[in-house]
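Taking it in order: structure first as structure tokens, then the write-up.
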Amino acid sequence: MSTEEKIKDIEAEMAKTQKNKATAKHLGLLKAKLAKLKTELVSGGKGGGGGAGEGFDVSKSGDTRVGLVGFPSVGKSTLLSQLTGTESLAAAYEFTTLTAIPGNLFYRGAKLQIVDLPGIIEGAKDGKGRGRQVIAAARTCNMLLIVLDASKPITLKKKLEYELEGFGVRVNKVKPEIRFHKKDRGGVTFRSLHPQRYIDDDIVRSVCSEYKVPNADIEVRFPHCTVDQIIDAISNRAVYMPVVYVLNKIDALPLPEIELLCSYRHFVPISARTAWNFDELKERIWEYCKMLRIYTKPKGEIPDFDSPIILHARKPRISDLCDRIHRTLIEQYKFAWVWGSSVKHQPQKVGKDHFLHDEDVVQIVKNNG
Ligand SMILES: Nc1nc2c(ncn2[C@@H]2O[C@H](COP(=O)(O)OP(=O)(O)OP(=O)(O)O)[C@@H](O)[C@H]2O)c(=O)[nH]1
Ligand SMILES: [Mg+2]
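For the sequence shown, position 368 (counting from the first letter as 1) is numbered 368 according to full-length UniProt numbering, and the numbering increases by one without interruption.
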């Protein structure tokens, strides 16, 4: 039986199983099996057929990677061409783009790789419209632009999210506070700091056994934890993805409708064809990529404000900066002078664990210098 067929079987069984206390454990186990099979599909594991990365060998370049995802003909290729100057064929028929096409957008001293992807359709899990490959590629991005056609129902966004979520892409969510620690012995211990409604000891154990984890400590630190969140923690398959919804073809809509659409959270209305509202789009991309610009300053010189070092971690420390500059720099690190909003005094002497802010200036002092 192929992976796709196994997925279908499990989904059919889940659909016919009533949701109640007595079936919770069984459903939890089915969810864990489903998550495992779907991960196999997008990671090119056994039984996937065709190889998940097929045709999408785009090497990473630049400081961050932004993927364009959406149904066919919503204007993804038009957007790539207009944003980056890279030609990606755009046409009025569906599935014009059949592979991943990268372009570069230079913004605020950073180089952003924008990747145009083929359109996905409902049921991407069945391999329709190269959906699997698109999702596998989407998982490698630092953020996604989900492109929607403003003249079509916004409810289509739910269908796209469903596809992405099924393959472990967590849309605009933060990683839940679950401590998962594998051990050598002692079996599975589950602890929760809050009463739980959807999970219990039994369910957590069955997920562990599905993932062949015989010994582990699992601690949940928030209420209403779901089975899916437990599966994510144990399988380590989830990617927490910042997503901006790009509402395209706004040029074809009357003004009052545009105003309404502008008010939704995470939404940016644009017209890819006329490049309308690109300033806001770029600003949002910047915000959601969570990148910081750090200017380095050699001793006695002025900092080079034209070529910042771009850091990606959410709360990067000086040690992350050192790693970016040179692999062995941290070994010679003595302290650093920092100017900017992360310090009280200008400059201030800091250790390697100091958290940096956007546009800080850093002068690293080495042991021998
Ligand atoms: N009115 C209007 N039409 C647009 C806009 N952007 C794209 N289009 C048109 O929409 C059609 C599809 O555009 P593409 O850029 O090929 O769409 P796509 O999402 O890349 O499509 P696939 O590659 O097939 O998934 C083309 O006819 C474009 O000219 C826009 O901002 N306004
Ligand atoms: Mg296209």
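The beta carbon of each residue, even a glycine, is placed where N, CA and C say it ideally should be. As the structure is a computational prediction, the values presented were derived from the model and not from experiment.
beta-carbon residue i near ligand 1 non-hydrogen atom, thresh 7 Å
i, result
"PRO254", "no"
"GLY70", "yes"
"ARG273", "yes"
"ALA137", "no"
"LYS249", "yes"
"GLY119", "yes"
"SER73", "yes"
"ALA336", "no"
"ALA100", "no"
"ALA91", "yes"
Assigned exposure category for residue i - 16 Cβ within 10 Å defines buried
i, result
"SER209", "exposed"
"ASN248", "buried"
"GLY103", "buried"
"LEU34", "buried"
"ALA12", "exposed"
"GLU163", "buried"
"ALA272", "buried"
"SER206", "buried"
"SER77", "buried"
"HIS181", "exposed"
"MET143", "buried"
"LEU68", "buried"
"PRO269", "buried"
"MET291", "buried"
"GLN113", "buried"
"GLY351", "exposed"
"HIS194", "exposed"
"ASP232", "buried"
"THR274", "exposed"
"HIS224", "exposed"
"LYS299", "exposed"
"ASP279", "exposed"
"THR296", "buried"
"VAL174", "exposed"
"GLY28", "buried"
Where the beta strand (DSSP E) containing residue i begins and where it ends
i, result
"TYR333", "333-339"
"GLU219", "216-220"
"TYR245", "243-248"
"GLY67", "64-69"
"ARG179", "178-182"
"LYS158", "Segment 156-166 is the alpha helix (DSSP H) holding LYS158; no beta strand (DSSP E) there."
"VAL350", "348-350"
"ILE294", "292-296"
"residue 381", "Only positions 1 to 369 of the chain appear in the structure, and residue 381 is not among them; the question remains open."
"PHE106", "101-107"
"LYS60", "That residue, LYS60, is in no beta strand (DSSP E); it is neither H nor E in DSSP."
When the options are compared against residue i, the one with the closest alpha-carbon
i, options, result
"THR155", "ILE10, CYS225, GLY62 and GLY70", "GLY70"
"PRO303", "TRP339, VAL74 and LEU260", "TRP339"
"ILE234", "VAL204, THR86, HIS266 and GLY187", "VAL204"
"LYS344", "TYR333, LEU356, LYS334 and LYS352", "LEU356"
"ALA137", "VAL243, THR99 and PHE106", "THR99"
"ILE101", "GLU4, PRO269 and SER88", "SER88"
"ALA92", "THR84, SER81, TYR107 and VAL74", "VAL74"
"CYS141", "CYS289, LYS315 and GLU359", "CYS289"
"GLU5", "GLN346, LEU37 and ALA22", "LEU37"
"GLU257", "LYS315, ALA150 and ILE10", "ALA150"
"ARG191", "VAL213, VAL362, GLU161 and ILE230", "ILE230"
"SER307", "ARG108, LEU30, ARG132 and ALA22", "ARG108"
"GLU219", "HIS266, ASP57, GLN196 and ASP251", "GLN196"
"TYR240", "TYR211, PHE305 and VAL169", "VAL169"
"ARG179", "ARG139, LEU41 and ASN236", "ASN236"
"LYS212", "GLY119, ALA32 and GLY62", "ALA32"
"THR226", "GLU177, GLU283 and VAL244", "GLU177"
"ARG265", "ILE309, VAL171, THR64 and PRO254", "VAL171"
Distance cut-off 7 Å: residue i Cβ against heavy atoms of ligand 2
i, result
"LYS76", "yes"
"SER88", "yes"
"ASP116", "yes"
"THR97", "yes"
Chain D within 8 Å of residue i, Cβ atoms only
i, result
"LYS173", "Within the model displayed, chain D is absent; a lone protein chain is all it includes."
Opening and closing residue of the alpha helix (DSSP H) in which residue i lies
i, result
"THR78", "76-84"
"ALA136", "131-139"
"ASP320", "318-325"
"ILE230", "227-235"
"ALA12", "3-16"
"ARG191", "Segment 188-192 is the beta strand (DSSP E) holding ARG191; no alpha helix (DSSP H) there."
"residue 399", "Past the edges of the chain, shown from 1 to 369, lies residue 399, and the structure says nothing about it."
"PRO256", "255-262"
"ARG284", "278-289"
"ASP202", "201-210"
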